[in-house]
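Following: one structure in structure tokens, then a few remarks.
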Amino acid sequence: MVYVKWGFWALFWTVLVAFLHYTLPDHDIVRVTDTYERRIEPGDNALFWSNADTGDNTQATGRDVFFIQTFLSDENPMVFRNEDTGWGWPPYFKFDTSNLQAQASDAVSDGNGQNARWVDVLHYGWRNEFLSIYPNAVSITPVASPDVRIIPWFNIVALTLLAVLFWMIRARWKRFWHKREEWAKDEWSDGTA
Amino acid sequence: MTALLRLLIFGLIFLTIVYVALSWYFRAEHRRRMERDWEEAGRPGTREAYVAAGMEQYEQSLRRKLIWLVYVVPVTAVLVIIYVTNIA
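Protein chains in written order, with this note's numbering: chain P, 1 to 193; chain H, 194 to 281.
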């Protein structure tokens, strides 16, 4: 029984951490090498594509999606998709996909050395080659060098607030059940009092 | 536009549940505090009258009105995110 309990909590925390890791914003310092659009027909990986209703028909099975092809500062490739999230989940309320694509193609720089132009890509999501899923770029800001250190203030605040909320609910929950146990103990149930 | 409507309707329902739950919770907490106050003040008058007067004050208080932040904060956050993501 104790393994079932462990298993349950392990699964619970894994799902929660994965969910937060997927949803919360993250920064990558990259140089953009190309931008393009490609036909996408989401299948089993449909969960990892956003199909936001921002005016276009959402019933179409295939559609063209913008991509931003980049290299990280350690020279590993990273490919972002660039899709509207609209009014849906995750709540980035992103509608400016085409504008972002214009900025991305303006930031293209080939090769290393003096010509490289580094940008900070704010994004959420995961890159996974086996599922063909890509993180969704949310904004692009030029940075001076690939060594810029970015402090994730939003995540610090969001996670702190979440922890406080959890703790407050948990404390009240425990107090509630503790009190019920106290009330249950009277002279009739206990024989003391 | 259906996506926006869906967000508004479900958002409103969710926030209303939170608002109602918090209103009940804080009102119950205040009532408990009033009952304890009455005993600590040396039981002036009847308990019901004392608590009723305290609750009357609570309904007018800023503390009570702050629960409206349940609606104000998320709506403001959404507007700020829309601005930051798309315009700024």
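Glycine included, C-beta positions come from ideal geometry on N, C-alpha and C.
Roughly how many angstroms lie between the CA atoms of P/S50 and P/E83, to the nearest whole one?
-> 7 Å
Helix or strand or just coil, what does DSSP make of P/T85?
-> coil
Taking any Cβ of chain H, which residues in the segment 78-95 of chain P have a Cβ under 8 Å from it, in chain order?
-> G86, W87, G88, P91, Y92, F93, K94, F95
Note down the Cα distance separating P/D64 from P/R39, rounded to an integer number of angstroms.
-> 4 Å
In angstroms with no decimal places, state the Cα-to-Cα distance between P/K5 and P/T23.
-> 27 Å
With a CB to CB cut of under 7 Å and the five nearest residues on each side skipped, what residues in its chain are close to H/R257?
-> Y251
Can you give the Cα-Cα distance for H/H223 and P/A46, rounded to whole angstroms?
-> 49 Å
Using a cut-off of 9 Å between C-beta atoms, extract the partners of P/A52 located in chain H.
-> A196
Shorter than 8 Å from the beta carbon of P/K179 to some beta carbon of chain H?
-> no
Residue-level contact to chain H via CB, P/V138, 8 Å cutoff | yes
Which two residues bound the contiguous alpha helix (DSSP H) that contains P/E181?
-> 153-184
Please check the pair P/Q101 and P/F66, which I expect to be a contact at CB under 8 Å, by giving their CB distance rounded to whole angstroms.
-> 5 Å
What's the C-alpha gap between P/A193 and H/S216?
-> Residue placement at P/A193 cannot be trusted, given a pLDDT of 45 that sits under 50; what the coordinates show is reported in the next sentence. Whole-angstrom Cα-Cα distance: 35 Å.
Does the segment 55-62 of chain P touch the segment 134-152 of chain P, meaning 3 or more C-beta pairs lie closer than 8 Å?
-> no
Run the CB neighbour count on P/H123, radius 10 Å, all protein chains shown included, and call it buried at 16 or more, exposed below.
-> Classification for P/H123: buried.
Buried versus exposed call for P/W87 [16 or more other C-beta atoms within 10 Å across all chains shown] | buried
Taking the runs of the beta strand (DSSP E) that are 3 residues or longer, which of them lie wholly in the segment 8-52 of chain P?
-> 26-40
Does any CB atom of chain P fall closer than 8 Å to the CB of H/T278?
-> yes
Taking 8 Å as the cut-off, decide whether the C-beta atoms of P/Y92 and H/I280 are in contact.
-> no
What does DSSP give as the partner residues of H/M248 in its beta bridges?
-> DSSP output for H/M248 lists no bridge partner at all.
Do you know whose CA, among H/G238, H/P237, H/V268, H/A245, lies nearest H/R220's CA?
-> H/A245
In this structure, does DSSP put P/T141 in helix, strand or coil?
-> strand
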